[in-house]
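Numbering follows my numbering, with no gaps: position 260 of the sequence shown is 514. Worksheet for the structure shown next.
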Amino acid sequence: MFRALSDAYRESFSGLPRPVWLIAVATLVNRSGTMVLPFLALYLSDRKGFTVPEAGAILGLYGIGAMGGASLGGWLSDLLKPRRVLEWSLLLTGAGFLALGSIDAHAGIAAMVLALSVVGEAFRPATSAALAESAVRGESVRAMALNRLAVNLGMTFGPAIGGFLAVRNYTWLFIVDGGTCLLAAAFLRFVFRGERRVRGGPAPAAEDGGRPPWRDGTALSLSAMTALFAIVIFQIFGTYPLFLHTLYGFSESAIGALLSINAILIVVLQMPVLHALRGRHLLRIAGVGAFLFCAGLALMPLDSGYLFVVGTVLVWTAGELLSLPVIEGFLADRADEKNRGRYMGLLSLSYSFAFILAPLFGTWIYESLSPEAVWYVCGAVGVLLLAGFRALAAKVERASPQGAPAAIRSRLPG
255 MFRALSDAYR ESFSGLPRPV WLIAVATLVN RSGTMVLPFL ALYLSDRKGF
305 TVPEAGAILG LYGIGAMGGA SLGGWLSDLL KPRRVLEWSL LLTGAGFLAL
355 GSIDAHAGIA AMVLALSVVG EAFRPATSAA LAESAVRGES VRAMALNRLA
405 VNLGMTFGPA IGGFLAVRNY TWLFIVDGGT CLLAAAFLRF VFRGERRVRG
455 GPAPAAEDGG RPPWRDGTAL SLSAMTALFA IVIFQIFGTY PLFLHTLYGF
505 SESAIGALLS INAILIVVLQ MPVLHALRGR HLLRIAGVGA FLFCAGLALM
555 PLDSGYLFVV GTVLVWTAGE LLSLPVIEGF LADRADEKNR GRYMGLLSLS
605 YSFAFILAPL FGTWIYESLS PEAVWYVCGA VGVLLLAGFR ALAAKVERAS
655 PQGAPAAIRS RLPG
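Below, the structure is given as structure tokens:
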């Protein structure tokens, strides 16, 4: 039994090209140093004399810059090689974090945060484009999933170490965060010398191949639903801890443990889950995943016991496992060699847009209606997303007869 499970687990990771693994390693290095952003508001208010609303405005400014970075990163990835965009994004972000730690003027801090958000968020679409470019065609979902695994693994270290360092000296946060960005850039630069792009043959001609994503109705619909979904996802970093602490009396460490459960499960289960679901239609899987994520949050008001809340974490984590890498992989395989960066930039733009709206909607519902209403609204959104993904899947199936390239790209590899 154990041998069979071990073989299945190993098989779920097998077959991915070396460049995909190298990009994931660079992501792990980079995310392991993520320290500044989780503590930025606290740093600005405690050490730089910002009021709480002013610190919040700086975070909002980061979200605005992230929208520009998503578009810029996608466009540059089509114009240049995606890995070059990755390298420059990491280099400039590393230098920016090192500089931000030494700036005292409020206007200077605001300008640097805005610049950092643009160059830093260009990393996301460039990473997705580089992964899709490097993976064998049809394996984009697994490539995206491996990278998400690296993100979650890195995020289990970065914020925890950052909290330890912040107690002693905030300067170390900027040094370590900037240093890991520079280290990841150097890693990409040197390990990819002589590497060749690996694909499973030329990109097949899709019915909308070569078109920009804003002329692809399916891509636009998927990005709009992703933005709505992301507004729910980002409640985890806003109203979620507020609700647990204020209404249920959970300590910061208890809330952190809940989030750690999510990260650990992603690291352990992401690849095996996708392996088990190979051959299923991607958009239908994503719809179920989005529904489960929202449903897990909708269960929150039903009980305040810690074990019950752990159960809700298991539900919304299952939804995350089934949705996020699947959405990325579907969109990456829908694009062709000339517009993949812009397709992934459109998806990153959806997340950036949601990053701005999520705290506004979440806190407004929390204050104007009730804290419980936030989670009931999330549940209603889940039902809408399930219907939306199913409708979009039916549209794709009608446009792509069985055996056509578009249908193959809309399925997990078998």
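Every residue gets a Cβ at the ideal spot worked out from N, C-alpha and C, and that includes glycine.
Determine which residues share a DSSP beta bridge with histidine 499 and list them.
Partner(s): none; histidine 499 has no beta bridge.
Hey, could you find the ends of the alpha helix (DSSP H) lysine 649 is sitting in?
Per DSSP, lysine 649 belongs to the alpha helix (DSSP H) from 625 to 653.
Identify which residue in Gly636, Leu330, Ala397 has its Cα closest to the Cα of valine 542.
Selected option, being the one with the closest Cα: Gly636.
Take leucine 427 as the anchor and find which of Ile610, Ala439, Val486, Pro413 has the nearest alpha-carbon.
Comparing Cα-Cα distances from leucine 427 to each of Ile610, Ala439, Val486, Pro413, the minimum goes to Pro413.
With C-beta atoms as the reference, is glutamate 387 less than 7 Å away from proline 336?
A contact, by the Cβ cut-off of 7 Å.
Since glycine 287 contacts aspartate 431 with CB under 8 Å, what's their CB separation in whole angstroms?
Going by Cβ atoms, the distance from glycine 287 to aspartate 431 rounds to 5 Å, so yes, they are a contact pair.
Would you mind listing the alpha helix (DSSP H) stretches within the region 557 to 589 that are 4+ residues and don't spill past its ends, in chain order?
Fully enclosed alpha helix (DSSP H) runs of 4 or longer: 560 to 588.
Once the 5 residues before and after alanine 572 are set aside, which same chain residues still bring their CB inside 7 Å of it?
Excluding sequence neighbours, alanine 572 sits near Leu546.
Cβ of asparagine 423 versus every heavy atom of the ligand NAP: is any distance shorter than 6 Å?
Only the bare structure without any ligand can be found here, which leaves the ligand NAP out of the picture.
Suppose the cutoff is 8 Å on Cβ atoms and the five residues either side in sequence are ignored; what does the same chain contact list for glycine 317 look like?
So the list reads Ser371, Ser606, Phe609, Ile610, once near-sequence residues are dropped.
Considering only residues of the same chain and omitting the five flanking positions on each side of tyrosine 424, which have a CB-CB separation below 8 Å?
Cβ within range, chain order: Phe293, Tyr297, Arg301, Gly355.
Under the assumption that leucine 474 contacts leucine 646 (Cβ atoms under 8 Å), give the Cβ distance between them as a whole number of angstroms.
11 Å between Cβ atoms; not a contact.
So for methionine 289, helix, strand or coil by DSSP?
If DSSP states are grouped into helix, strand and coil, methionine 289 belongs with coil.
CA-CA distance, glycine 417 and isoleucine 363?
Going from the Cα of glycine 417 to the Cα of isoleucine 363 covers about 21 Å.
Does the distance from the CB of valine 569 to the CB of glycine 550 come in under 7 Å?
For valine 569 and glycine 550, yes; Cβs fall inside 7 Å.
Taking Cβ positions, are threonine 480 and isoleucine 581 nearer each other than 7 Å?
Yes, the Cβ-Cβ distance between threonine 480 and isoleucine 581 is below 7 Å.
Flag this pair as yes or no: are the beta carbons of glycine 616 and valine 628 separated by less than 7 Å?
Yes.
Whole alpha helix (DSSP H) runs in the region 329 to 378 with 4 or more residues, listed along the chain?
Correct list: 336 to 354, 360 to 375.
If you reduce the DSSP assignment to three classes, tell me which class threonine 381 lands in.
Of the three classes helix, strand and coil, the one that applies to threonine 381 here is helix, per DSSP.
Could you give the distance in angstroms between the alpha-carbon of alanine 484 and the alpha-carbon of phenylalanine 304?
The alpha-carbon atoms of alanine 484 and phenylalanine 304 are separated by roughly 28 Å.
Please give me, in chain order, every unbroken run of the alpha helix (DSSP H) with length at least 4 that falls completely inside the region 593 to 625.
As far as the region 593 to 625 is concerned, its whole alpha helix (DSSP H) runs of at least 4 residues are 594 to 622.
Which value, in whole angstroms, describes the spacing of the CA atoms of leucine 536 and alanine 384?
Straight-line Cα distance between these residues: approximately 21 Å.
In whole angstroms, what is the alpha-carbon distance linking proline 625 and phenylalanine 504?
Each residue's alpha carbon lies about 15 Å from the other.
Is proline 271 helix, strand or coil by DSSP?
Reduced to three states, the DSSP call for proline 271 is coil.
Please check the pair alanine 404 and threonine 281, which I expect to be a contact at CB under 8 Å, by giving their CB distance rounded to whole angstroms.
About 4 Å; that satisfies the 8 Å criterion.
Please confirm whether alanine 369 and leucine 603 have their CB atoms less than 7 Å apart.
No; because the gap between Cβ atoms is not below 7 Å, this pair is not in contact.
Does the region 394 to 401 come close enough to the region 575 to 594 to have 3 or more Cβ pairs within less than 8 Å?
Counting Cβ pairs under 8 Å, three or more are found: they touch.
What residue from Leu437, Phe491, Arg447, Arg465 has the CA that sits closest to leucine 291's CA?
Nearest of Leu437, Phe491, Arg447, Arg465 to leucine 291, Cα basis: Phe491.
Report, in whole angstroms, the separation of the C-beta atoms of alanine 544 and leucine 639, which I expect to be a contact under 8 Å.
Sure, about 4 Å apart at Cβ, within 8 Å.
Evaluate glycine 269 with the Cβ neighbour count: other Cβ atoms within 10 Å of its Cβ, from every protein chain shown; 16 or more gives buried, anything less gives exposed.
The residue is exposed, with fewer than 16 neighbouring Cβ atoms inside 10 Å.
Check this for me: beta carbons of glycine 374 and leucine 436, under 7 Å apart or not?
Their beta carbons are not under 7 Å apart, which means glycine 374 does not touch leucine 436 by this criterion.
Whole angstroms is fine: what's the gap from alanine 540's alpha carbon to valine 650's?
Taking the straight line joining both Cα atoms gives about 14 Å.
To the nearest angstrom, report how far apart glutamate 591 and tryptophan 342 are at their CA atoms.
In a straight line, the C-alpha of glutamate 591 is about 21 Å away from that of tryptophan 342.
Counting along the chain, where does the alpha helix (DSSP H) carrying valine 395 start and finish?
Segment 394 to 422, the alpha helix (DSSP H) holding valine 395.
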